[in-house]
Each structure stands twice: as structure tokens, then as C-alpha cells.
Amino acid sequence: MSIMKLHKHIKYIVGIFLLGATSCSFTDINPKDFVGDNNAFESVDQFRQHLIGGYKDMSLKTSMHISSIVVDDVSLGGQAGGFGSDNYNWTYVAASGDQNAEWSKNYRVINHVNRMIQGVVNVPINSDEDKKNVDDYMGQAYFIRAYSHFDLLRFFADFSTPSSLGIPYILEPHLEDQPERNKVEECFTLLHKDLDKAMELIVEESSTNPAFASKLAVKALRARILFYEQKYAEAQSLATEVLNAQPIVNLARYSHIWADQTNDGVIFKLSRNPGEEAIGTMYYGIDNSSLFTPSKSFMNVIDSVNDIRYELWFTRAEDRDGAIVDVVNKYPGTDSNRGLNDQKVLRSAEMLLIVAECQAKTSDLSGASATINTLRKERLINYTEVNFQSKEEALTEILLERRKELAYEGHRYFDLRRHRLPIVRTENLYLPADDHHQIQPIPEAEFNANINMVQNPGYAGKQ
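Numbering (our numbering), first residue to last: 670 to 1132.
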């Protein structure tokens, strides 16, 4: 769906969702109301409900599906059929479904929160508490807008080149103007402006319920963005601040994160409940279909005896044909809801790894070694301290540690692109670093509706 068609599609109907007054999850969210084109929010509570709808529309499923399958952490399963084959084989084009879904999903979320940002002037404020709450909801809307635009920028642009074309950065809900693509450097400027507003307005410094953005989540997202901008001193400083406020989860409680039994080390997540998307089923279906298995090359780099991540990330199970196969197990769900887990968006471990890589980039080898040892101590039963002897060694080992720790969370694809490395599965499955498929195509539907859209190099469409 194009940006223009998206506006027309939801011009008169935008779902509003409820959150029970005493609930701290999305269990009680249900469709209730509609907000028309005049954005006539009739109460602070309705404004809050609209925010909840924005969170509910956010999703990592498509972005993880693309970013996990295009890289070297999975292999085709026995029952994959054609599922995800264009991503796995790097044959995606402007008409491919996943790329269209990723594009339209994010712009749908952006349009949703833009209606809040534009419509806030109509929210009746009757007390200081109302003002405080409305400001807080607005801050979270700016956070969501920044997050969604950055997700688009990572997939559909050469984010390492400031002068290259980025994505349309949309600031208003009315989209008939057929927006052009902003330059990458313009996108980064607008991202920071949105995060400035989020930081100014959000009330909570950190939250006991990371399903809602706090100031700490804003700092973590900004640290990630600065990291992609290669502003290593600023990224390191901010990531360190986040890490000091929320340390990584320890060895004993690490498994609890993936069973949704603790939020230790989780800064921001998307809460998911029964009946909603089950992210784990993209690898191992509810009918036991083996769609994508963990690759042997990835399994082989994790210590199966001492590294607790091995048994958390991988298991073996019977597939639909009765064969015993390797299974990606990071999102196991429960017996009654296979593959259904909260989607972890920002974690303290990512902040630690940002700090380590920034230290390595600036040749602080002792600092990078100490930082990585902090993580290894909480992931390996009998860990051996590392002592990096060169910048190259440090960057190689940190990239490997990111692969292990952040597996199947949507980072590997972008890590390889940041380092300008090829994707290597086997000798016959190799995507060079300069191949145009390293960047995703702008969806065909966008060109059909927007005469100002320009395609990425190598794909069919206006260049």
C-alpha cells in the first residue's frame, strides 16, 4: 500500500483500542471508537486509547522476517515451500510482498500517531493532571514516529551515506501531496527532532512496564541512531548512561526474558497477547512445519556446553513429516500459544554492545575488552576473559558477540551492512557487499500512486 493510498484507506476509520485502568499489558485492548478526519478527540482517555492503538499497530514480525531470512543465521526448512524464498534467495523486487508490508506497516503507524500530534489541540484539558498526561502521550507519539521512520530508513536507504536518498519523513496525517524522499542526513535531523520532543514530554524516567516508552527508551533509541550515524563518542556516552540506569540481565535470570517472566534488561518491548501475531511461527509453524531452521554455521559459533544462549536459541523437534529437525527457539511461546512472545525492541545488552563497538572504533582496546567481558560473564558458565590486541580483532569479535546475543532480533542484516560485509551462507549462496539487494526496493505500489517517488538503484522503477 502506498503512503497516499494509506491515507485514503484510513481516512474515515482509525481503530481505537482500550487499556483497562488497572492493566499493565495489552490484554484488555479492544476496538471501541473511531476518530474522524477532524481528529476530534473528546477526552484525555480517548487520546490515550489512540496511543494504545499506535503501539498495537507496531510490529517486528515483518522486519524480523526480512532481516533474519536474508542473512546467514537460517537455512530453508523442509516445509518452507515458497515461503520467504525471495528474501532467502535475494530475488526480491519492487512487487515483493514482505517489502510492501514493511513499508505500509510503518507508514500506517506514522499516520496513526501523526493524527495524535495534529489533533492534540482539540483534547479538552480540565486539570493539571490532564495536561501532564496529554504531554506524556504526545511524547510517546513522537517516540513511535521516530522509531517507525528509522525502521524504514534502515531497510530502504543507504543509511551510511548522508547525501543519499532516504525515505519520506512524514510530519502530518494528510498525505495527498505525494511526498518525495528526504536525504539520509535530513532524516537523521528529523529523527533527533522527534526524539527531542519525546524527551521533553514523556514523564517517566524509566518504566516498570516497558510496553510504554520512557525517557530511558528515548535515550536507548537515540543511542542506536547515533551509532548508525557513526557518531561513536555520542553513542557511547548515551548508551553508557542507559546501561548504568538499567544493567544487563544476569546469568541466572537470562532465560526468564524469553519466557516473558521478567523485564530485566528490557528497555522497550511490544506486548503481545493470545490471538495476536506469534513471531516464533515464522520459523516453526503451528502445524509443525519446518519453515526456517537455524543455520549450522551459526549454531557452530556458539559454545553448546558453556553458553546458555545455545539451549535458548536452538532446540530440536519433530517437523510435519515426522523428521527431527533443528528449530529456532528464541520465541517459544507456550503449549497453547506457540511462538507467541513479547517482541523485545530495545535491550540493555544492545546498549552494552554499542559501547563495546564504539570503544573499539576509537581504539580503546582495554575498554572494549572489559565491556565484552561484562557480557560474557553473564552468558557463559565457564567464560574466558578476552584481551583484544588490535582494533581489527576487537571489531571482529564484537560483531560475532552481537550475532550471538542479538540473534533473531533483527540486527544481523544491518550489522553486516554497517560493516560493508557480504552475506555468506555457502560458496554458492553469497551476496556481495555492493550488490543492490543489500538495500530493499521501494514497493511498486508506492510508484503507482506517487509520481515523485524514486527507486533504489538496481530495481525497476523511476531512478
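C-beta: ideal position from N, C-alpha, C; glycine also.
Computed from a prediction, not measured in an experiment: that's the story for all the values here.
- request: Could you say if the region 897-913 and the region 966-976 meet the contact criterion of at least three C-beta pairs nearer than 8 Å?
  value: Result no; under three Cβ-Cβ pairs closer than 8 Å.
message: Just verifying my parser: in three-state terms, what is the DSSP assignment at residue 939?
response: Numbered from 1 along the sequence shown, position 270 holds the residue referred to as residue 939. Residue state for residue 939 is assigned as strand, using DSSP reduced to three classes.
query: Taking just the CA atoms, how far does residue 741 sit from residue 1093?
result: As a position in the sequence shown, residue 1093 is number 424, starting the count at 1. As a position in the sequence shown, residue 741 is number 72, starting the count at 1. Across the structure, residue 1093 and residue 741 are spaced so that their CA atoms are roughly 6 Å apart.
- prompt: Looking at the unbroken beta strand (DSSP E) that takes in residue 1012, where does it start and where does it end?
  reply: For the purposes of this step, residue 1012 is taken as the residue at position 343 of the sequence shown. First-last of the beta strand (DSSP E) with residue 1012: 1012-1016.
- prompt: So, are the CB atoms of residue 637 and residue 824 less than 7 Å apart?
  reply: Residue 637 lies beyond the residue range present for the chain, which begins at 670 and ends at 1132; the question has no answer from this structure.
- prompt: Going by beta carbon distance, what residues of the same chain come within less than 8 Å of residue 789, once the five residues before and after it are set aside?
  reply: Reading the sequence shown from its first residue, position 120 is the one you call residue 789. Contacts found: 710, 716, 803 and 807.
message: On the DSSP letters alone, give me the boundaries of the beta strand (DSSP E) that residue 1100 sits inside.
response: Taking the sequence shown and counting its residues from 1, one reaches residue 1100 at position 431. Counted as a single uninterrupted DSSP element, the beta strand (DSSP E) harbouring residue 1100 occupies residues 1098-1100.
- prompt: To the nearest angstrom, how far is it from the Cα of residue 891 to the Cα of residue 1109?
  reply: Position 222 of the sequence shown, counted from the start, is the residue given in the question as residue 891. Position 440 of the sequence shown, counted from the start, is the residue given in the question as residue 1109. If you draw a straight line from the Cα of residue 891 to the Cα of residue 1109, it is about 23 Å long.
query: beta strand (DSSP E) containing residue 986: first to last residue?
result: Residue numbering aside, residue 986 sits at position 317 when the sequence shown is read from its first letter. For residue 986, the enclosing beta strand (DSSP E) has its first and last residue at 983-987.
Residue 1020 versus residue 866 - alpha carbon distance: Walking along the sequence shown from the start, residue 1020 turns up at place 351. Walking along the sequence shown from the start, residue 866 turns up at place 197. So the alpha carbons of these two residues sit roughly 22 Å apart.
Whole-angstrom distance between residue 895 and residue 1141, CA atom to CA atom: With the chain covering only 670 through 1132, there is no way to say anything about residue 1141.
- prompt: Within the chosen definition, does the region 1029-1043 reach the region 1056-1066 through at least 3 CB pairs nearer than 8 Å?
  reply: The region 1029-1043, when compared against the region 1056-1066, does touch it at the 8 Å Cβ threshold.
One or two residues paired with residue 963 in a DSSP bridge: On the sequence shown, residue 963 is found 294 positions in, with the first residue counted as 1. Note: residue 963 sits in a beta bridge opposite 743.
query: Taking C-alpha atoms, which residue in 1052, 1131 and 938 lies nearest to residue 920?
result: The residue given as residue 920 occupies position 251 in the sequence shown. Nearest neighbour of residue 920 by Cα position, chosen from 1052, 1131 and 938, turns out to be 1052.
- prompt: Within 10 angstroms of its Cβ, does residue 705 collect 16 or more other Cβ (buried), or is it exposed?
  reply: Start at 1 with the first residue of the sequence shown, and residue 705 comes out as number 36. Low local confidence applies: a pLDDT of 47 at residue 705 is under 50, so the model's placement there is unreliable, with the coordinate-based value given in what follows. In the assembly as shown, residue 705 is an exposed residue. Its beta-carbon has fewer than 16 other beta-carbons within 10 Å.
field: Supposed close pair residue 769, residue 839 - CB separation, criterion 8 Å
entry: Counting from 1 along the sequence shown, the entry for residue 769 is found at position 100. Counting from 1 along the sequence shown, the entry for residue 839 is found at position 170. Contact between residue 769 and residue 839 is ruled out by a C-beta separation of about 17 Å, above the 8 Å threshold.
message: My assumption, with CB atoms under 8 Å, is that residue 1125 sits in contact with residue 1105. Please give the rounded CB distance.
response: Position 456 of the sequence shown, counted from the start, is the residue given in the question as residue 1125. Position 436 of the sequence shown, counted from the start, is the residue given in the question as residue 1105. Confirmed, Cβ separation roughly 7 Å.
field: Given 8 Å, three or more beta-carbon pairs between the region 718-737 and the region 817-834
entry: Yes, the region 718-737 touches the region 817-834.
message: Rounded to whole angstroms, what is the Cα-Cα separation between residue 1071 and residue 860?
response: The residue labelled residue 1071 in the question sits at position 402 within the sequence shown. The residue labelled residue 860 in the question sits at position 191 within the sequence shown. Going from the Cα of residue 1071 to the Cα of residue 860 covers about 24 Å.
message: I'd like to check one pair, residue 907 with residue 888: are the Cβ atoms closer than 7 Å?
response: The residue given as residue 888 occupies position 219 in the sequence shown. The residue given as residue 907 occupies position 238 in the sequence shown. Contact: yes.
- prompt: Just reading off the alpha helix (DSSP H) that residue 858 is part of, what are its end residues?
  reply: Here residue 858 corresponds to residue number 189 of the sequence shown, with the count starting at 1. For residue 858, the uninterrupted alpha helix (DSSP H) run begins and ends at 853-870, by DSSP.
task: From the DSSP output, in three-state form, read off residue 891 for me.
output: For the purposes of this step, residue 891 is taken as the residue at position 222 of the sequence shown. Three-state DSSP puts residue 891 in a helix.
field: Reduced DSSP secondary structure (H/G/I, E/B, other) of residue 1048
entry: Looking up residue 1048 in the sequence shown gives position 379. In the structure shown, residue 1048 falls within a coil segment according to DSSP collapsed to helix, strand and coil.
query: Which two residues bound the contiguous beta strand (DSSP E) that contains residue 995?
result: In the sequence shown, counting from the first residue as 1, residue 995 sits at position 326. First-last of the beta strand (DSSP E) with residue 995: 993-997.
task: Please report the residue range of the alpha helix (DSSP H) in which residue 1067 lies.
output: Taking the sequence shown and counting its residues from 1, one reaches residue 1067 at position 398. From DSSP, the alpha helix (DSSP H) with residue 1067 extends over 1060-1074.
field: Candidates 1130, 1095 and 846: closest to residue 1112 by CA position
entry: Indexing the sequence shown from 1 puts residue 1112 at position 443. Here the closest residue by C-alpha is 1130.
message: From the DSSP secondary-structure annotation, give me the bridge partner or partners of residue 839.
response: Working through the sequence shown from its first residue, we reach residue 839 at position 170. Paired residue(s): none; residue 839 is not in a bridge.
message: If you reduce the DSSP assignment to three classes, tell me which class residue 976 lands in.
response: On the sequence shown, residue 976 is found 307 positions in, with the first residue counted as 1. The DSSP-derived three-state label of residue 976 is strand.
Helix, strand or coil at residue 702 [DSSP, three-state]: Start at 1 with the first residue of the sequence shown, and residue 702 comes out as number 33. Low confidence applies to residue 702: its pLDDT is 34, below 50, so where it sits in the model is not reliable enough to give any reading.
query: For residue 694, which residues from the same chain have a beta carbon less than 6 Å from its beta carbon, with the 5 sequence-adjacent residues on both sides left out?
result: Start at 1 with the first residue of the sequence shown, and residue 694 comes out as number 25. With a pLDDT of 31 at residue 694, under the threshold of 50, the modelled position of this residue cannot be trusted; read the value that follows with caution. Result list for residue 694: 940, in chain order.
message: Tell me which residues share the same chain as residue 1007 and place their Cβ nearer than 7 Å to its Cβ, disregarding the 5 neighbours each side in the sequence.
response: Position 338 of the sequence shown holds residue 1007. If we look at residue 1007 and ignore the five residues flanking it on each side, its Cβ neighbours are 947, 949, 950 and 955.
field: Of the residues 967, 926, 953 and 1075, the one placed nearest residue 994, counting alpha carbons only
entry: Residue mapping note: residue 994 aligns to position 325 of the sequence shown, counting from 1. Among 967, 926, 953 and 1075, the Cα nearest to that of residue 994 belongs to 953.
message: Let me confirm a value: residue 780 is counted as buried when at least 16 other C-beta atoms fall within 10 Å, else exposed. Which label applies?
response: For the purposes of this step, residue 780 is taken as the residue at position 111 of the sequence shown. It is buried - the Cβ of residue 780 has at least 16 other Cβ atoms within 10 Å.
- prompt: Residues in its own chain within less than 8 Å of residue 977 by CB, not counting five upstream and five downstream?
  reply: Here residue 977 refers to the residue found at position 308 of the sequence shown. Hits under 8 Å: 920, 923, 924, 1048, 1049 and 1050.
message: If you measure between the beta carbons of residue 853 and residue 819, is that distance less than 7 Å?
response: Position 184 of the sequence shown, counted from the start, is the residue given in the question as residue 853. Position 150 of the sequence shown, counted from the start, is the residue given in the question as residue 819. 7 Å or more divides the Cβ of residue 853 from the Cβ of residue 819.
- request: Below 6 Å CB to CB, which residues in the same chain sit around residue 958 once its five sequence neighbours on both sides are set aside?
  value: Sequence index remark: in the sequence shown, residue 958 carries index 289 (1-based). Sequence-distant Cβ neighbours of residue 958 in its own chain, meaning closer than 6 Å and more than five residues away, are 748 and 989.
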